[in-house]
Amino acid sequence: MLTYNWVNKEIKTNEDTVNMMLLFNEVNPRYGGFDTETTGLHITLDKPFLYQFGFIDEATKTGYVYAVDIERNPEVAMTCIKNWYNLCKRLDKLVGFNVKFDMHMMENLGLPYPHHNITDDKIYIRLGHDALKQENGGPPMSLKEYARRYIDPTAKDNERIIASERTAIAKNFTTDLKRRTGWTVKQFDEFFGDVLNEIEDLPAKVKEAYDGWYETVPEEIKRHMLTPLLDTDCIPYTMVDRDNLIKYGFYDVIYTLEIFMKLKDIIPIRHQEQPLAIEEEVIYYFYDMERTGFEMNKPYILETKQRMKEYMIRRRNDLKEMVGYPIKVNQHPTIKRILKDKYNIVAESTGSTVLDQMMASIDNEEAKRFVSTVQELRTLDKWYQTYLMRFIKEMKRCDRVYTQIDQTGCVSGRVSSDFQQFPKFPINDVDGNELFAPRRMINITGFYLDYSQIELRLQAFYTILVGDPDKNMCRAYMPYMCHRELEDGTIEEFDYENPQHIKEWADPRWCHDEDNTPWKKVDLHGATTTAATGLTPDDPEFKEARSHIGKRVNFAWQF
0 MLTYNWVNKE IKTNEDTVNM MLLFNEVNPR YGGFDTETTG LHITLDKPFL YQFGFIDEAT
60 KTGYVYAVDI ERNPEVAMTC IKNWYNLCKR LDKLVGFNVK FDMHMMENLG LPYPHHNITD
120 DKIYIRLGHD ALKQENGGPP MSLKEYARRY IDPTAKDNER IIASERTAIA KNFTTDLKRR
180 TGWTVKQFDE FFGDVLNEIE DLPAKVKEAY DGWYETVPEE IKRHMLTPLL DTDCIPYTMV
240 DRDNLIKYGF YDVIYTLEIF MKLKDIIPIR HQEQPLAIEE EVIYYFYDME RTGFEMNKPY
300 ILETKQRMKE YMIRRRNDLK EMVGYPIKVN QHPTIKRILK DKYNIVAEST GSTVLDQMMA
360 SIDNEEAKRF VSTVQELRTL DKWYQTYLMR FIKEMKRCDR VYTQIDQTGC VSGRVSSDFQ
420 QFPKFPINDV DGNELFAPRR MINITGFYLD YSQIELRLQA FYTILVGDPD KNMCRAYMPY
480 MCHRELEDGT IEEFDYENPQ HIKEWADPRW CHDEDNTPWK KVDLHGATTT AATGLTPDDP
540 EFKEARSHIG KRVNFAWQF
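Number 280 in numbering that gives the first Met the number 0 belongs to position 281 of the sequence shown; there are no gaps in the numbering.
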């Protein structure tokens, strides 16, 4: 249950602000917290419309939490927040949960937080518990779920009330869409399940009805509709009952401070003071990185969309000609039947791994062409939807794409991000021409560095710099402690500081110094997988084992 007795107050007048300030001066707290309720989740376009904050009176075990309505009472709100900021410089810590998001919201409002005492509950959760994922017994990393488990069993009750309101609003709009168009949600899902289908591709009468319905949707909902259909996530918090939302906001600050007060004394017991200081310091650097974003290469994105769409239609027609009728590449029973009836191939499934094995074993060239076309179209569907369409949707709102960096998202200590990880190499058409290179969707300016296994490469180089080279690790990436014989018969030692040697790192003449055997680069993740499991790259289970065993072991060892 809650540790502190909580007093809640909505600030509606300047007098309420003065009383808050007088109480703060009387209590002289060390710790405060804050949170925002916002028009959406975009870190540069959305703004807060409610601001909640509070502080702890440790002597009396009392907490005070306030809310001010920025949208409905802007003058009082701005005065209140500015005065609160002035008080906050006296706090040891101002605590948030996923605090960078709320920092972005306040900067979007024109009120960036000016002091350097910000911290984040998520850091304390990660350092205050064993480094385990939630499914392995680790702590939840969401505010309400953590609070429900460790602070208050009813912590998600207010969240459910808000969620049910948003769901009801979304349902009303969806019901009207079905009434106007005569289509069910399932029909819309099936139609837009084809990644190439857009609103313009709807049947004429359905499109006319859809357009009429779309005109009735409020702008504050439209700006969140990244797909043709409207769901609960499209409903902004501004549209739910304000009293319920203020209560919801109160508890966000209450749980944030309760969590912090429970965990702050655990940090020194676990000897985590230094990691805590580092994590708190980098909040501001990650914040700046997030706010900068990436410039989208709009001409390339639009050209690629047209090129991909035309090519995918062409390949679908090729598949249709092979079997005599149109099929979808995700119709697994249909593909199994075609393999059996047309090519006399019995397949237990038609997943990617099975089809890969099939390509290596079958001799029928026509069957190979069918299987390879199915595989290609599946890849094209994924790249079109996962990489390209996300940027097409973002382009409706701004010229840049933004990501949020989660410094607590990985138990290993690495950061995670909601930004899509792009393939390093482009996808080509059947004629070998470049079709789509996802990394070209971003205009890169300044210094940029990205290599496969970059952390391990840097760590290998680090062992050289500190004077204790890890020979095998260094040799995985370069012909370290190797030599080659030149045309004139002289022997040349590999020198990592020689630009020409770096340029010619893959020269097959490099040999190990100790036994003159040829040097070969090594996939460390694959080598670890083989050592741990005995699987080789030819084994069907190797790819999954490399991801779930080899990489995890290497990164755990690294950190």
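Where is the CB? At the ideal position from N, CA and C, for every residue including glycine.
In this structure, the straight-line span from the alpha carbon of Thr-372 to that of Tyr-386 is close to 20 Å.
Note on the segment 89-126: whole beta strand (DSSP E) runs with a minimum of 3 residues are 92-95 and 117-119, in chain order. For the pair Lys-99 and Tyr-236, the CB atoms are not nearer than the 9 Å cut-off. When Cβ pairs closer than 8 Å are counted between the two stretches, the segment 256-270 is seen not to touch the segment 33-45, the count staying below three. Sequence-distant partners of Thr-529 (beyond 5 residues in either direction) whose C-beta falls short of 7 Å from its own C-beta, in its chain, are Thr-535.
Ranked by Cα distance from Glu-503, the first of Thr-516, Cys-481, Asp-487 and Asp-514 is Cys-481.
Measuring C-alpha to C-alpha distances from Val-322 to each of Glu-484, Ile-361 and Lys-341 identifies Lys-341 as the nearest. Collapsing the DSSP output to three states places Asp-242 in a helix. Where Tyr-145 is concerned, there is no enclosing beta strand (DSSP E), although the alpha helix (DSSP H) around it starts and stops at 142-149. Around the C-beta of Ile-277, fewer than 16 other C-beta atoms lie within 10 Å, and the residue is accordingly described as exposed. Setting aside the 5 residues that flank it on each side, Asn-7 is surrounded in the same chain by Val-64 and Phe-249, each with a C-beta closer than 7 Å to its C-beta; the list follows chain order. Under the DSSP assignment, Asp-68 falls in the beta strand (DSSP E) whose first and last residues are 61-68. A Cβ-Cβ contact shorter than 9 Å links Lys-143 with Glu-158.
DSSP, read as helix, strand or coil, puts Ile-501 in helix. Excluding the 5 residues flanking it on each side, Gly-127 has same chain C-beta neighbours closer than 6 Å at Leu-262 and Ile-265, in chain order. Taking C-alpha positions only, Ala-346 is separated from Lys-367 by approximately 14 Å.
Beta-bridge partners of Gln-51 (DSSP): Asp-34 and Ala-66. When the Cα atoms are used, Ala-526 and Pro-468 turn out to be separated by approximately 19 Å. Cβ neighbours of Asp-129 within its own chain (closer than 7 Å, five residues either side excluded): Gly-137.
Nearest C-alpha to Pro-111 among Met-102, Asn-135 and Leu-86: Met-102. Annotation: the segment 200-259 contains the following complete segments of the alpha helix (DSSP H) (minimum length 4 residues), in chain order: 203-215 and 218-221. Under DSSP, the beta-bridge partners assigned to His-482 are Glu-492 and Cys-510. Judged by pairs of C-beta atoms under 8 Å, the segment 9-23 touches the segment 82-92, as three or more such pairs exist.
In this structure, the beta-carbon distance from Gln-403 to Ile-117 does not fall below 9 Å.
Counting along the chain, the unbroken alpha helix (DSSP H) around Lys-297 starts and ends at 297-322. Here DSSP, grouped into helix, strand and coil, assigns Lys-392 to helix.
If you ignore the 5 residues before and after Glu-294, its C-beta comes within less than 8 Å of the C-beta of Asp-398, Arg-399, Ile-441, Asn-442 and Thr-444, all in its own chain and listed in chain order. Its Cα nearest to that of Tyr-283, the residue Asp-405 stands out among Asp-405, Pro-227, Phe-541 and Thr-378.
Contact between Arg-313 and Leu-376 is ruled out by a C-beta separation of about 11 Å, above the 8 Å threshold.
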